[in-house]
Amino acid sequence: MRVYMLKREQHLNISLDHAWAFFSSAENLQAITPSYMNFTITNSPGELIYGGQLITYKVSPLLSIPLTWVTEITQVVDHSYFIDEQRFGPFKLWHHQHHFTETDKGVKMTDIVHYSLPFSFIGRLAHSITIKNRLEEIFEYRYKTLEETFNG
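Just so you know, we're using the numbering used here here: the sequence shown kicks off at 2 and counts up by one.
Below, the structure is given as structure tokens:
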């Protein structure tokens, strides 16, 4: 199984409290996800993030084909980091760390995603042809949206 990594850092001109409140609320995911993905939360995960929290989505990452995706919040350290892991969905492995560090100018936010695809050789081929670029595109969209929202 090949494991890939995507890492992104961004500085936001907001307080740590504001950053934590925004990013730890699943309801804000739709605002930072490209509209073509038809991202919809299909359960009511609640307002406060906690370990063991399950969040279910419908999402169309490729060819407008809707997929069910279930993630679990596996670790939470208040105002520091949280981790979500896929329990059901398009990846063989999805482990997404969200880190928040207070700075002189606001907050440094770091996303670290480790992921793997199913189907061995076919998965690796799909990664090189489209999936890697699609993930980069999604995180670039998030970056730009967060820049406009918090640093504009």
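Glycine included, C-beta positions come from ideal geometry on N, C-alpha and C.
### Task
Would you check if the distance between the CB atom of GLY52 and the CB atom of ILE74 is smaller than 8 Å?
When the beta-carbon positions are compared, GLY52 and ILE74 come within less than 8 Å of each other.
### Query
Where do the N-terminal and C-terminal ends of the beta strand (DSSP E) with GLY107 fall, by residue?
The continuous beta strand (DSSP E) containing GLY107 extends over residues 107 to 117.
#### Entry: Helix, strand or coil at ARG125 [DSSP, three-state]
If DSSP states are grouped into helix, strand and coil, ARG125 belongs with the helices.
### Query
Is the region 6 to 24 touching the region 97 to 113 in the sense that three or more CB pairs, one from each, lie closer than 8 Å?
Touching, per the Cβ criterion.
### Message
Under DSSP, the beta strand (DSSP E) around ARG3 begins and ends at which residues?
### Response
Per DSSP, ARG3 lies in no beta strand (DSSP E) and is assigned neither H nor E.
### Task
Could you say which of SER61, SER26 and PHE89 lies nearest to ARG135 if we only look at CA atoms?
The shortest C-alpha separation from ARG135 is found at SER61.
### CB-CB length for TRP70 against GLN87, believed under 8 Å
Right, the Cβ-Cβ distance comes to about 7 Å (below 8 Å), so this counts as a contact.
### Message
Residues in the same chain with beta-carbon distance under 7 Å from PRO119, minus the five sequence neighbours each way, listed in chain order, please.
### Response
Here the set comprises LYS93.
### Task
Just confirm the distance between the C-beta atoms of ARG125 and ARG3, as a whole number of angstroms; I'd bet it's less than 8 Å.
Confirmed, about 6 Å.
### Query
How far does the beta strand (DSSP E) with PHE101 in it reach, from first residue to last?
PHE101: member of the beta strand (DSSP E) spanning 94 to 104, first to last residue.
### Query
Who does LEU13 pair with in a DSSP beta bridge?
For LEU13, which the question treats as bridged, DSSP gives the partners VAL108.
### Query
Going straight from the alpha carbon of ASN152 to that of TYR82, what length do you get?
ASN152 and TYR82 have their C-alpha atoms roughly 21 Å apart.
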